[in-house]
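Let me begin by presenting the structure, written as structure tokens, before commenting on it.
Numbering (our numbering), first residue to last: 367 to 682.
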């Protein structure tokens, strides 16, 4: 894997593929079955919270899952899954501005949590690298660059009043304004975040997890990226809280701990998000659109394709 990771064995490649396919399969179960979703994102975490996580994710454990960030990330991801299900299955919510704004708020809060963590890692002053909560990390300018990239990504969130639910049996939550450029910029930022903050878990929590939501969002159900992201993130965080030794002992993939890798990963993420915000701003000015109300990318081919099934006009 060159500058990013130490050599990966064929067996580990197989495990990576299995994790990817497993996340996609269980995400599809949550997408295509209401009862499957309620089991995965409500009943199962309640049981794990009561019986498993107090032991496997205990404060200060040797695998790094016993931190405030992991617990907050897990429950915020699950809250997103449940709220998106509420929008999908409760018609009353589908034409309420406050209900449609919540997916954007949940998304922005999740990004902001990670930005704060990047800035926090910089504040640790681990210029040569070191362990915090049993996780290896290295402080540097990349933390600042990527924290800024995440904040820019939040700025480019738009068009939530155009969210709608499809008329087919799956009742997918579609967000037409969440176009490929935003998804790409998000993926680059998020990979850089996990590389910076949980480096030796980043191939799973970064590359594999992002592929698990991005692949189906382009190949299975376009416009449903946020739904896929919530599902796969919720599934992964529950998995690592339950089996915290997986990425450390069972199938570890270590980064090279090379400062150049940290720099370039975050630099690319920052440039991508600067470009995204520039394009976003250009369309706002050119088409005189309100980023808090309007769909910024209405009129593009991708937006037209993903909004074709919408029954009602965008809420004003």
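Ideal Cβ positions, reconstructed from N, Cα and C, are used throughout, including at glycine. In this text the structure is predicted, and so the values were computed from the model without any measurement.
- request: Under 8 Å by Cβ, that's how I've got residue 470 and residue 523 pegged, so tell me the actual separation to the nearest angstrom.
  value: Residue numbering aside, residue 470 sits at position 104 when the chain shown is read from its first letter. Residue numbering aside, residue 523 sits at position 157 when the chain shown is read from its first letter. Contact flag correct, Cβ pair sits at about 5 Å.
- request: Would you mind reading off the limits of the alpha helix (DSSP H) that contains residue 631?
  value: Numbered from 1 along the chain shown, position 265 holds the residue referred to as residue 631. Unbroken alpha helix (DSSP H) run through residue 631: 625-652.
query: Sorted by chain position, which residues of the same chain lie with C-beta nearer than 7 Å to residue 501's C-beta, five sequence neighbours on each side aside?
result: By one-based count along the chain shown, residue 501 stands at place 135. Correct list, in chain order: 430 and 564.
Where residue 492 sits in the DSSP three-state scheme: Here residue 492 is taken as the residue at index 126 of the chain shown, counted from 1. It is coil, neither helix nor strand.
task: Could you confirm whether any beta carbon from chain C is found closer than 8 Å to the beta carbon of residue 589?
output: Reference to chain C is not applicable here, since this structure consists of a single protein chain.
message: List, from N- to C-terminal side, the alpha helix (DSSP H) runs of 4 residues or more that fit wholly inside the segment 538-613.
response: The qualifying runs are 546-563, 575-585 and 591-608.
- request: From the DSSP output, in three-state form, read off residue 501 for me.
  value: Mapped onto the chain shown, residue 501 falls at position 135. DSSP places residue 501 in strand when its eight states are reduced to three.
task: Report buried or exposed for residue 533, applying the criterion of at least 16 other Cβ atoms within 10 angstroms of its Cβ.
output: Taking the chain shown and counting its residues from 1, the one referred to as residue 533 is at position 167. A residue is called buried once 16 or more other Cβ atoms fall within 10 Å of its Cβ, and residue 533, having fewer, is exposed.
task: Please list, in chain order, all residues of the same chain as residue 671 whose beta carbon is under 7 Å from its beta carbon, the five residues on each side excluded.
output: Here residue 671 refers to the residue found at position 305 of the chain shown. Here residue 671 has 588 as same chain residues with Cβ atoms under 7 Å from its own Cβ, once five neighbours each way along the sequence are excluded.
task: Starting from residue 435, trace the alpha helix (DSSP H) both ways and give me its first and last residue.
output: Taking the chain shown and counting its residues from 1, the one referred to as residue 435 is at position 69. It spans 434-455 - the alpha helix (DSSP H) in which residue 435 sits, taken as one unbroken run.
message: Quick check on the DSSP output: the alpha helix (DSSP H) that includes residue 420 runs from which residue to which?
response: Taking the chain shown and counting its residues from 1, the one referred to as residue 420 is at position 54. It spans 419-422 - the alpha helix (DSSP H) in which residue 420 sits, taken as one unbroken run.
field: At least 3 beta-carbon pairs within less than 8 Å: the segment 544-560 vs the segment 459-468
entry: The segment 544-560 vs the segment 459-468: no contact.
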